Each structure stands twice: as C-alpha cells, then as structure tokens.
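According to this note's numbering, the sequence shown is numbered sequentially starting from 20. Data first, discussion second: the structure below is written as structure tokens.
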Amino acid sequence: MIEYMEYIVRQFERSTGWNRDNSYENITATSDNVLQLQIPSSFNLQVSNQSTPYTFTTFELSNHKVINGSLSYLYTDCNDMKQLVQASTDIRLHTMVDTFRFIKPYCGIDRRAALEAAKGDEFVKHTLLYGRMYYPGSILEAMYCRRLTQHMQLVLKGLSWVNQPSFVTVYLQRDTGSTSQELIYSSNESLLGYRFLHNCLSSKSKLYNSIYNDSLLSFGAEFWLGIANMLPGCSTTLRYFTHATNTCKPITLTLSFNPLFGHISSTYSVKPTLGSTLSAKYDFNVYSIESDLTFGCELWKSSSALKLSENLDLTAANRVDATSAKTGSATGKEIARAETRNTKSQNIATVNNGNFLDKMNATISFLDSVHNVKSPIEEFAKMINNTQFTSVLKCSSSINNKNLKILWEGKYKEILISAGAELTNLPLDAPKTLSDDNSGALARPVWLRPAKFGVMLQYST
20 MIEYMEYIVR
30 QFERSTGWNR
40 DNSYENITAT
50 SDNVLQLQIP
60 SSFNLQVSNQ
70 STPYTFTTFE
80 LSNHKVINGS
90 LSYLYTDCND
100 MKQLVQASTD
110 IRLHTMVDTF
120 RFIKPYCGID
130 RRAALEAAKG
140 DEFVKHTLLY
150 GRMYYPGSIL
160 EAMYCRRLTQ
170 HMQLVLKGLS
180 WVNQPSFVTV
190 YLQRDTGSTS
200 QELIYSSNES
210 LLGYRFLHNC
220 LSSKSKLYNS
230 IYNDSLLSFG
240 AEFWLGIANM
250 LPGCSTTLRY
260 FTHATNTCKP
270 ITLTLSFNPL
280 FGHISSTYSV
290 KPTLGSTLSA
300 KYDFNVYSIE
310 SDLTFGCELW
320 KSSSALKLSE
330 NLDLTAANRV
340 DATSAKTGSA
350 TGKEIARAET
360 RNTKSQNIAT
370 VNNGNFLDKM
380 NATISFLDSV
390 HNVKSPIEEF
400 AKMINNTQFT
410 SVLKCSSSIN
420 NKNLKILWEG
430 KYKEILISAG
440 AELTNLPLDA
450 PKTLSDDNSG
460 ALARPVWLRP
470 AKFGVMLQYS
480 T
C-alpha cells in the first residue's frame with residue numbers, strides 16, 4: 020500500500036496531466052506490483068491531514084528495533100487538489116494499492132491539453148514542495164517538482180545527514196506522449212544517466228487501422244555512467260500491452276535485457292477476472308546459466324461487483340438496442356424517400372438507392388463489429404473503477420529463493436491496513452545470494468518459517 024505522501028504526489032501528476040506510466044522507470048510496474056511485494060518490517064502508524072487546500076502533513080511512528088518517527092510536509096499550488104485528494108473514509112482501496120496497470124500513454128497529456136484548449140486557459144507552471152524529517156537520526160529528505168512546459172518538468176530530490184555528506188539528484192523529464200525522455204544527475208559518485216521510452220504506435224491514426232486496436236508496443240532503454248569511477252551501466256526493455264482475443268481481458272508482457280551482466284527477464288501479467296490478477300516472471304543469466312521462476316497473484320474482495328456488473332451489462336444492451344432502432348428508422352426513411360421520387364428517374368434512383376443502402380449497411384456492420392470488440396474492453400475497465408473493493412490478498416513465491424510472501428491489504432471503517440509476512444526455509448545465517456560457495460553446505464529446515472512480518476495502519480482526514 021502506498022503512503023499518503025506518495026498518494027498526494029500521484030494526484031499532483033493527475034492534476035497537471037503527467038502520465039507516470041509513460042516512463043522507463045515504470046515500464047515493468049505491473050509485474051513488480053504483483054511479484055515484488057513490499058512487506059512491512061515492523062508496526063507502523065501513519066496519521067495524515069489536509070490542513071489547507073494546498074498543504075498536507077503526515078506523522079509516522081514505527082518500532083523497528085527502536086522507536087522511530089518522521090514528520091512530513093507537502094505544499095502544492097494546484098487549485099483542484101481538494102477535489103482530487105480524499106480522506107481514508109472515502110478513498111477507494113484500489114487507489115491506494117499498486118496493482119495491474121492499464122497502459123494509456125495518451126490519456127494524461129492529450130486529455131489535459133484538450134481541456135485547456137476548450138477552456139482557453141494557458142499552461143500553468145505548477146509547483147510541488149515536499150520535506151520529511153526523520154528522528155532520532157536527524158535525517159532530512161526533500162523534493163521539489165516544477166512543471167516547465169506542457170511536456171517537461173524538473174524534479175530535484177535531496178537527502179541530508181548530520182555527520183555524513185549529503186547528495187542531490189536532478190531529473191529533467193520530457194514526455195510528448197509518443198516518446199518519453201529523462202536526464203538524471205546525482206551528486207553521489209557523480210552519476211549521470213539517460214532514460215527513454217518510445218511507443219511504436221505513436222500516431223493516433225495507426226490505432227484505428229483495424230476494427231479496434233487497443234494494443235500498445237513500447238521500447239525503452241537506460242544508460243548510466245559513474246563519472247567518478249567511470250563505471251557504465253545499461254539495460255533495455257520491451258513492453259506489449261494488449262487484450263485477449265476471446266475474452267478481451269488485459270494482458271501485459273515485458274522482456275528486459277542487461278548486456279553488461281547478461282541478465283534476461285521476461286514477465287507475463289493478466290487480469291482474467293474483476294477480482295484477480297496473475298503474473299509470472301522468468302529470470303536467466305547467460306553468463307552463469309542460473310535461472311529463477313517467480314509466480315504471483317492477487318485476489319480482490321468486493322461488495323458490489325455483481326450488482327455493478329449486471330447494471331453495466333444492462334446499460335450496454337440498452338445502448339445496442341437504441342443503436343439498432345436508430346439504424347432501422349434511418350433505413351426506413353431512405354426507402355420512403357426512394358419511393359416518392361419521380362417515375363421518370365425511377366430506374367436511376369433505384370440503382371443509386373441500392374448503392375447507398377449497400378454502403379450504409381456495410382458501415383453499420385463495421386460499426387457493430389467495432390462495438391462488439393470495444394464494448395467489453397471499456398465495460399471491464401468501468402467495472403474496475405466503479406467497484407467498491409474491501410480487501411486484497413497478494414501472494415508471490417520464488418523457486419530459487421525458496422520463499423513465500425503474503426500480503427493482505429484492506430480497509431476497516433476509516434483505517435487502511437496493510438499486514439504481511441515473508442516465509443522462508445533458509446537459515447538465519449544464510450548468504451544473501453544462493454550462488455555463494457558455502458550456500459550448498461547450509462542445512463535447510465523442512466518447514467517454512469517467518470523471516471519478516473509487520474503491520475501498517477494509515478488514517479487521514
């Protein structure tokens with residue numbers, strides 16, 4: 020479950036029309052949300068408040084070995100944050116949980132541009148300021164985000180210690196919808212990076228060459244160079260988002276390759292039903308010939324899914340009947356007009372009317388085919404957005420790591436709860452990687468035992 024301040028940042032991106040899915044950093048977000056579960060390591064309590072329409076605060080307490088805490092503050096000049104940000108009483112659960120991502124690279128920027136063009140408003144350079152103080156360690160974390168143009172933004176992140184050197188990371192991001200680019204510089208070891216993501220179906224006209232094509236093929240890469248030590252780094256990823264031909268359910272496939280380390284990773288994620296998500300990941304190293312297979316799933320519980328499904332199906336059926344009625348009446352009018360024409364041109368009118376009816380019937384048949392394919396896809400997305408989910412159970416397991424992660428996230432009255440545990444049969448003194456020389460000599464217990472567990476509570480007003 021995401022933290023309250025992360026939720027505010029995402030609402031800021033939504034308000035300014037920035038699409039976080041159209042970036043190389045989040046190109047594998049769907050599989051990561053299902054497989055890489057963030058298990059709480061202690062008892063954590065967060066209390067948040069929207070003191071004004073532009074300011075937000077969070078107080079956090081945790082007992083990881085010792086009692087720790089933090090105080091966060093965020094400010095933004097967006098005028099619609101009061102409408103976008105909801106308290107824990109009214110917020111939907113799937114808004115606070117990282118889950119399956121529906122990739123829509125054009126919806127954020129194009130929709131915002133269309134709204135501004137319709138209203139006649141000029142682009143506003145919105146700003147976000149965020150600060151967080153940790154205690155008793157006296158660590159300060161800060162972030163500054165500034166929208167420069169409609170397609171560019173500047174992000175500064177800093178971390179400061181009392182007795183250790185501080186460092187700052189600068190992100191210059193540009194997103195045009197079809198291509199996303201990012202320049203990164205970190206003062207820590209003078210790290211310089213460049214990331215880009217390109218959508219192969221960048222032209223909107225290409226999306227409608229077939230009956231209905233809601234698929235998207237994206238290609239991206241990143242390049243890093245440590246100026247202080249002259250160490251390079253790079254990786255490339257291919258992502259394909261589509262829908263199943265027979266069921267129209269969303270599917271996301273990714274293929275990543277790191278040529279320096281010889282690591283290849285492929286993922287497959289699908290949402291077969293309204294309340295479930297399945298994902299699998301296969302890792303392989305061409306140098307060491309080691310491999311790993313990871314599985315994960317999500318099981319959502321809702322209280323109104325069936326009722327909403329019936330209502331949406333009824334609405335779709337009524338829409339089809341209304342379209343058929345309009346089509347039938349339009350056809351009757353054309354026939355009536357043909358019968359009232361002059362008898363001298365009856366033969367010519369009959370031929371012309373026949374050609375017109377053939378073209379109109381072909382058009383109607385094509386539109387019906389588009390509707391039959393498009394309607395289930397859109398209705399499924401509407402059902403997810405309108406369903407009131409109450410809890411979700413996440414599980415993931417790795418064959419190589421011999422572990423099982425279980426995470427339950429739900430909502431009880433006004434409190435958001437996230438509780439989970441990681442079970443493993445590795446000894447406590449096991450190495451971090453199973454490829455170490457002495458890993459084979461370690462005795463493994465037969466039964467799984469808890470390696471980490473915790474609970475996180477969130478409340479906001």
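Backbone N, C-alpha and C fix where the C-beta goes; we use that ideal spot for every residue, glycine too. Since the model is a prediction, treat every value here as computed from it, not as a measurement.
Report the three-state DSSP secondary structure of residue 435 (helix, strand or coil).
Counting from 1 along the sequence shown, the entry for residue 435 is found at position 416. Reduced to three states, the DSSP call for residue 435 is strand.
Backbone CA spacing between residue 250 and residue 167 [nearest angstrom]:
In the sequence shown, counting from the first residue as 1, residue 250 sits at position 231. In the sequence shown, counting from the first residue as 1, residue 167 sits at position 148. C-alpha separation (whole angstroms): 32 angstroms.
Hey, how far is the Cα of residue 269 from the Cα of residue 172?
Residue numbering aside, residue 269 sits at position 250 when the sequence shown is read from its first letter. Residue numbering aside, residue 172 sits at position 153 when the sequence shown is read from its first letter. Distance between the alpha carbons of residue 269 and residue 172 is about 30 angstroms.
Is the stretch 391 to 410 in contact with the stretch 89 to 104, if contact means three or more CB pairs nearer than 8 angstroms?
no
Do you know offhand how far residue 158's Cα is from residue 30's?
By 1-based counting over the sequence shown, the position of residue 158 is 139. By 1-based counting over the sequence shown, the position of residue 30 is 11. Going from the Cα of residue 158 to the Cα of residue 30 covers about 26 angstroms.
When you compare the CB positions of residue 162 and residue 91, do they come within less than 7 angstroms of one another, or not?
Looking up residue 162 in the sequence shown gives position 143. Looking up residue 91 in the sequence shown gives position 72. No. Outside cutoff.
Buried versus exposed, by CB contacts within 10 Å (16 or more), residue 48
Indexing the sequence shown from 1 puts residue 48 at position 29. Around the beta carbon of residue 48, 16 or more other beta carbons sit within 10 angstroms, so the residue counts as buried.
Cβ-Cβ distance between residue 306 and residue 281 below 7 angstroms
To locate residue 306, count along the sequence shown from 1; it is residue 287. To locate residue 281, count along the sequence shown from 1; it is residue 262. Cβ distance < 7 angstroms, so residue 306 and residue 281 count as in contact.
Under 8 angstroms by Cβ, that's how I've got residue 174 and residue 190 pegged, so tell me the actual separation to the nearest angstrom.
The count along the sequence shown starts at 1 and reaches residue 174 at position 155. The count along the sequence shown starts at 1 and reaches residue 190 at position 171. Residue 174 to residue 190, Cβ: 4 angstroms. Contact.
Backbone CA spacing between residue 290 and residue 88 [nearest angstrom]:
Walking along the sequence shown from the start, residue 290 turns up at place 271. Walking along the sequence shown from the start, residue 88 turns up at place 69. So the two alpha carbons sit approximately 38 angstroms from each other.
Could you please give me the residues that DSSP links to residue 424 through a beta bridge?
Residue 424 sits at position 405 when you count from the first residue of the sequence shown. BP columns for residue 424 point to 415 and 441.
Length of the line joining the Cα atoms of residue 385 and residue 114
Mapped onto the sequence shown, residue 385 falls at position 366. Mapped onto the sequence shown, residue 114 falls at position 95. A caution first: residue 385 carries a pLDDT of 46, below 50, which makes its placement in the model unreliable, though a value can still be read off. Distance between the alpha carbons of residue 385 and residue 114 is about 37 angstroms.
At least 3 beta-carbon pairs within less than 8 angstroms: the stretch 307 to 320 vs the stretch 410 to 417:
Here the stretch 307 to 320 makes contact with the stretch 410 to 417; the two share three or more CB pairs at distances below 8 angstroms.
Identity of the residues DSSP links to residue 112 by a beta bridge
Numbered from its first residue, the sequence shown carries residue 112 at position 93. Residue 112 is not bridged to any residue.
Less than 7 angstroms between the beta carbons of residue 498 and residue 194, yes or no?
It is not possible to answer for residue 498, since the shown part of the chain is limited to 20 through 480.
Candidates 66, 147, 426 and 216: closest to residue 52 by CA position
Reading the sequence shown from its first residue, position 33 is the one you call residue 52. Measuring from the Cα of residue 52, the nearest candidate turns out to be 426.
Assign residue 187 to one of three DSSP states: helix, strand, or coil.
Along the sequence shown, read from residue 1 onward, the residue named residue 187 stands at position 168. Residue 187: strand per DSSP, three-state reduction.
So what does DSSP say about residue 471, is it helix, strand or coil?
Residue 471 sits at position 452 when you count from the first residue of the sequence shown. Three-state result, residue 471: strand.
What does residue 240 pair with, by DSSP beta-bridge criteria?
As a working mapping, residue 240 is identified with position 221 in the sequence shown. Under DSSP, residue 240 shares a beta bridge with 215 and 255.
Tell me whether the beta-carbon of residue 479 lies closer than 7 angstroms to the beta-carbon of residue 107.
Taking the first residue of the sequence shown as 1, we reach residue 479 at position 460. Taking the first residue of the sequence shown as 1, we reach residue 107 at position 88. Yes, Cβ-Cβ distance for residue 479 and residue 107 is below 7 angstroms.
Under the three-state DSSP convention, the category residue 60 falls into
By 1-based counting over the sequence shown, the position of residue 60 is 41. Note: residue 60 maps to coil in three-state DSSP.
Taking 7 angstroms as the cut-off, decide whether the C-beta atoms of residue 435 and residue 64 are in contact.
Reading the sequence shown from its first residue, position 416 is the one you call residue 435. Reading the sequence shown from its first residue, position 45 is the one you call residue 64. Cβ atoms of residue 435 and residue 64: not closer than 7 angstroms.
Counted within 10 angstroms of its Cβ, other Cβ atoms place residue 141 as buried (16 or more) or exposed:
Taking the sequence shown and counting its residues from 1, one reaches residue 141 at position 122. If you draw a 10 Å sphere on the C-beta of residue 141, you find fewer than 16 other C-beta atoms in it, and that means exposed.
Please look up how many angstroms separate the CB atoms of residue 185 and residue 216, rounded, as I've assumed it's under 8 angstroms.
Along the sequence shown, one-based indexing puts residue 185 at 166. Along the sequence shown, one-based indexing puts residue 216 at 197. Contact flag wrong, Cβ pair sits at about 30 angstroms.
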